[in-house]
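Asks:
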Amino acid sequence: MNRDAGKRPFVRLRGVHKRFGDLQVLQGVDLEVARGEVVVLIGRSGSGKSTLLNCVALLEDIEAGTIEVDEAVISCGPDDLAALAPKTRRAEVAAEIGMVFQSFNLFPHLTVLQNITLAPRRVRRMSSEEADTLALRLLDRVGLREKANEYPVKLSGGQQQRVAIARALAMNPQVMLFDEVTSALDPELVGEVLKVMRQLAQEGMTMLVVTHEMRFAREVADRVIFMDQGEIMEDSPPGVMFTNPSTEEAACFLRVLMDAEAAE
Amino acid sequence: MDGFLKIASDIPHIAAGAWITLTLTAVAMAIGIVSGLVLVFVRLSRVPVLSQVAIAWIEFFLLTPPLIHIIWAYYVLPIVTGWRLDAITVCALALSASVGAHMAEVFRAGLQSIPKTQHRAADVLGLSVIDKYRFIILPQTLRVILAPSTNVLVSLLKDTSLAAVIGLGEILHRAEVTASSNFLFLEILTFVAILYAVLNYPLILLARRLERRSLRGFASV
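So the sequences go chain by chain: A and B. FYI, the numbering used here numbers position 238 of the first sequence as 238, with every residue one higher than the one before it. Adding 1000 to a residue's 1-based position in the second sequence gives its number in the numbering used here.
If you want it as structure tokens, here you go:
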């Protein structure tokens, strides 16, 4: 699935540092993701995976380093301000980044359709007819067209998460960030969400995925990244990561996970 | 029972004071809502100095009784500054300040009850700050603040009776004047209590209706 290998990376993090108070959450992360690549981030909770996604999504500022998407530096520490892209370009690029959260975060006072059409109408200035057509097409894609006029509270967790994916896709993102999107779901609902993500990967979407679904990682990822204490410890293709990880930390983490899976 | 028949002729005069009561309520609520919104956004903006001024203003009017403000503005202000305001202006301003402080707190509680994740979802979609508040945050806040706002409004309507102390001819003042000439205090004050309840009741009904309407999407309605 790595179609554009060799071209300039679509997402590029250099020396990214992030701190919450005294807690150093990211300590000099370097990461490059090519267009169309699917990168899965794994690691213990607190290892900095979700923070990394939040930084790329511009939900968090960073203390040092640069984050570049589509050849524009969209976030940087105070020392790199000179590299920062102009504000309009940053807004443009930010709109190309879609994100889906663990807790769905649908807008509870809006219907499914309104959840999806709001941003295209307000940010992309689409007419409501255009936006409705787009939303229904996306709902078809995630198999929820018949729920268009329901409020989120009437949907199962899996359905809500699929709506959240459709909502992100409505902005026609060039890269999608998935932050443990199946962790809050009942086991029987995980599959329907992963199916949508698998389909997206096959269509060539650039994806950064934080997940504990190791089977998904094995099948869909181009690269698997193991993070520990705010650092990238290992960056390997899934075939290597899951059979023969090169670091002791990754091996240990995966052993615990496999044992847990086997015990199920 | 005799007494109640005897006050029948006084009722129209006392009830006519309701116009002043309702006008004061409407004016103070309108100014209070607008100033409460301004105060809460200044407060939450964390702009140095301005934000502290907003906090001090809110707390002063939360911690001190509106009765004092009315008396102070009516009797002391002219001595200190030379400005003389008429009774209805004094009452409108004093009650507005109190309502503004209470509404600022109601708005703050409402805004802070919206999970941070809603802000994040809106931010990631690229919505501007104004659009985020207009379409996502404020509609959800409105649902949360309906009940406490009604409480503020209901208290305000009752608090307009404080205007009686500076002789403004609202319900209570008219009642007191009437009672002190015919000595039917029990009957007249009972009637006045019922009158306030009657005036306030529609507010409670309205709030219930709005609350039901705003529950869409939150519970199985």
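Virtual Cβ for every residue (Gly too), placed ideally from N, Cα, C. Just so it is clear, the structure is predicted and the values come from calculations on it, not from any experiment.
To the nearest angstrom, how far is it from the Cα of residue 5 (chain A) to the Cα of residue 1053 (chain B)?
Replies: Taking the first residue of the first sequence as 1, we reach residue 5 (chain A) at position 5. Taking the first residue of the second sequence as 1, we reach residue 1053 (chain B) at position 53. For residue 5 (chain A), the predicted model reports a pLDDT of 49, less than 50, meaning its position is unreliable and no value from the coordinates is stated.
Asks: Go ahead and pull the three-state DSSP assignment for residue 211 (chain A).
Replies: Working through the first sequence from its first residue, we reach residue 211 (chain A) at position 211. Coil, per DSSP.
Asks: Mind pulling the chain B residues with CB within less than 8 Å of residue 59 (chain A)?
Replies: Here residue 59 (chain A) corresponds to residue number 59 of the first sequence, with the count starting at 1. Within 8 Å Cβ-Cβ: 1120, 1123 and 1124.
Asks: Where residue 141 (chain A) and residue 205 (chain A) are concerned, what is the direct C-alpha to C-alpha distance, given to the nearest angstrom?
Replies: Residue numbering aside, residue 141 (chain A) sits at position 141 when the first sequence is read from its first letter. Residue numbering aside, residue 205 (chain A) sits at position 205 when the first sequence is read from its first letter. In this structure, the straight-line span from the alpha carbon of residue 141 (chain A) to that of residue 205 (chain A) is close to 15 Å.
Asks: Does any C-beta atom of chain A lie closer than 7 Å to the C-beta of residue 1033 (chain B)?
Replies: Position 33 of the second sequence holds residue 1033 (chain B). Judged by the 7 Å Cβ criterion, residue 1033 (chain B) is not in contact with chain A.
Asks: Are the Cβ atoms of residue 163 (chain A) and residue 112 (chain A) separated by less than 7 Å?
Replies: Translated into the one-based positions of the first sequence, residue 163 (chain A) becomes position 163. Translated into the one-based positions of the first sequence, residue 112 (chain A) becomes position 112. It is a contact, given that the beta carbons lie within the stated cut-off.
Asks: In chain A, which residues lie with their C-beta within 8 Å of the C-beta of residue 1117 (chain B)?
Replies: Residue mapping note: residue 1117 (chain B) aligns to position 117 of the second sequence, counting from 1. The contacting residues are 101, 103 and 105.
Asks: Write down every uninterrupted run of the beta strand (DSSP E) in the region 164 to 218 of chain A whose length is 3 residues or greater and which is fully enclosed by it, in chain order.
Replies: 175 to 179 and 206 to 210
Asks: In chain B, which residues lie with their C-beta within 8 Å of the C-beta of residue 266 (chain A)?
Replies: Since the first and last residues shown for chain A are 1 and 264, residue 266 (chain A) lies out of range.
Asks: Applying the criterion that 16 or more other CB atoms from any shown protein chain within 10 Å of the CB defines a buried residue, is residue 252 (chain A) buried or exposed?
Replies: Against the first sequence, residue 252 (chain A) aligns to sequence position 252. Result: exposed.
Asks: For a contact defined as C-beta to C-beta under 9 Å, what are the partners of residue 1140 (chain B) on chain A?
Replies: Along the second sequence, read from residue 1 onward, the residue named residue 1140 (chain B) stands at position 140. Simply 107, 108 and 109.
Asks: Rounded to whole angstroms, how far is the Cβ of residue 104 (chain A) from the Cβ of residue 115 (chain A), which I believe are closer than 8 Å?
Replies: On the first sequence, position 104 is the one that residue 104 (chain A) refers to. On the first sequence, position 115 is the one that residue 115 (chain A) refers to. At roughly 10 Å, the Cβ-Cβ gap does not stay under 8 Å, so residue 104 (chain A) and residue 115 (chain A) are not in contact.
Asks: Could you tell me the distance, in whole angstroms, from the CA atom of residue 1158 (chain B) to the CA atom of residue 1165 (chain B)?
Replies: Numbered from its first residue, the second sequence carries residue 1158 (chain B) at position 158. Numbered from its first residue, the second sequence carries residue 1165 (chain B) at position 165. Residue 1158 (chain B) and residue 1165 (chain B): Cα-Cα distance of roughly 14 Å.
Asks: Determine which residues of the region 133 to 149 of chain A have a Cβ less than 7 Å from any Cβ of chain B, and write them out in chain order.
Replies: Listed by position along the chain: nothing, the set is empty.
Asks: Within the 7 Å Cβ cut-off, does residue 248 (chain A) reach chain B?
Replies: Position 248 of the first sequence, counted from the first residue, corresponds to residue 248 (chain A). Under the Cβ distance rule, residue 248 (chain A) does not count among the residues neighbouring chain B, no pair being separated by less than 7 Å.
Asks: For residue 122 (chain A), go through chain B and note every residue whose CB falls closer than 8 Å to its CB, in chain order.
Replies: Within the first sequence, the letter at position 122 stands for residue 122 (chain A). Residues of chain B with a Cβ closer than 8 Å to the Cβ of residue 122 (chain A) are, in chain order, 1127, 1128, 1131 and 1135.
Asks: Taking the alpha carbon of residue 1169 (chain B) as the reference point, which residue from B:1087, B:1003, B:1037 and B:1100 has its own alpha carbon closest?
Replies: Numbered from its first residue, the second sequence carries residue 1169 (chain B) at position 169. Answer by Cα proximity: B:1087.
Asks: Would you please state the rounded distance, in angstroms, between the beta carbons of residue 1163 (chain B) and residue 1091 (chain B)? I believe it to be under 8 Å.
Replies: Your numbering for residue 1163 (chain B) matches position 163 in the second sequence. Your numbering for residue 1091 (chain B) matches position 91 in the second sequence. The Cβ separation is near 4 Å, so the contact holds.
Asks: Going by C-alpha to C-alpha distance, which of B:1209, B:1070, B:1074 and B:1121 sits closest to residue 1096 (chain B)?
Replies: Within the second sequence, the letter at position 96 stands for residue 1096 (chain B). For the options B:1209, B:1070, B:1074 and B:1121, the alpha carbon positioned closest to that of residue 1096 (chain B) is the one of B:1070.
Asks: What does the alpha-carbon distance come out to for the pair residue 68 (chain A) and residue 183 (chain A)?
Replies: Here residue 68 (chain A) refers to the residue found at position 68 of the first sequence. Here residue 183 (chain A) refers to the residue found at position 183 of the first sequence. Near 28 Å, if we compare the C-alpha coordinates of residue 183 (chain A) and residue 68 (chain A).
Asks: Closer than 9 Å by beta-carbon distance: list the chain B residues that pair up with residue 118 (chain A), in chain order.
Replies: Locating residue 118 (chain A) in the first sequence gives position 118, where the first residue counts as 1. Going along chain B in sequence order, the residues near residue 118 (chain A) (Cβ under 9 Å) are 1122, 1125, 1127, 1131, 1135 and 1136.
Asks: Should residue 163 (chain A) be flagged as near chain B, meaning a C-beta pair shorter than 7 Å?
Replies: Numbered from its first residue, the first sequence carries residue 163 (chain A) at position 163. Closer than 7 Å: no.
Asks: For residue 192 (chain A), count the other beta carbons within 10 Å of its own beta carbon; 16 or more makes it buried, fewer makes it exposed. Which is it?
Replies: Counting from one through the first sequence, the residue named residue 192 (chain A) turns up at place 192. Flag for residue 192 (chain A) reads buried.
Asks: Kindly indicate the opening and closing residues of the alpha helix (DSSP H) around residue 114 (chain A).
Replies: Working through the first sequence from its first residue, we reach residue 114 (chain A) at position 114. Taken as a continuous stretch (DSSP letters only), the alpha helix (DSSP H) holding residue 114 (chain A) covers 112 to 122.
Asks: Is there a Cβ from chain B that is less than 7 Å from the Cβ of residue 34 (chain A)?
Replies: On the first sequence, position 34 is the one that residue 34 (chain A) refers to. No, its Cβ sits nowhere closer than 7 Å to a Cβ of chain B.
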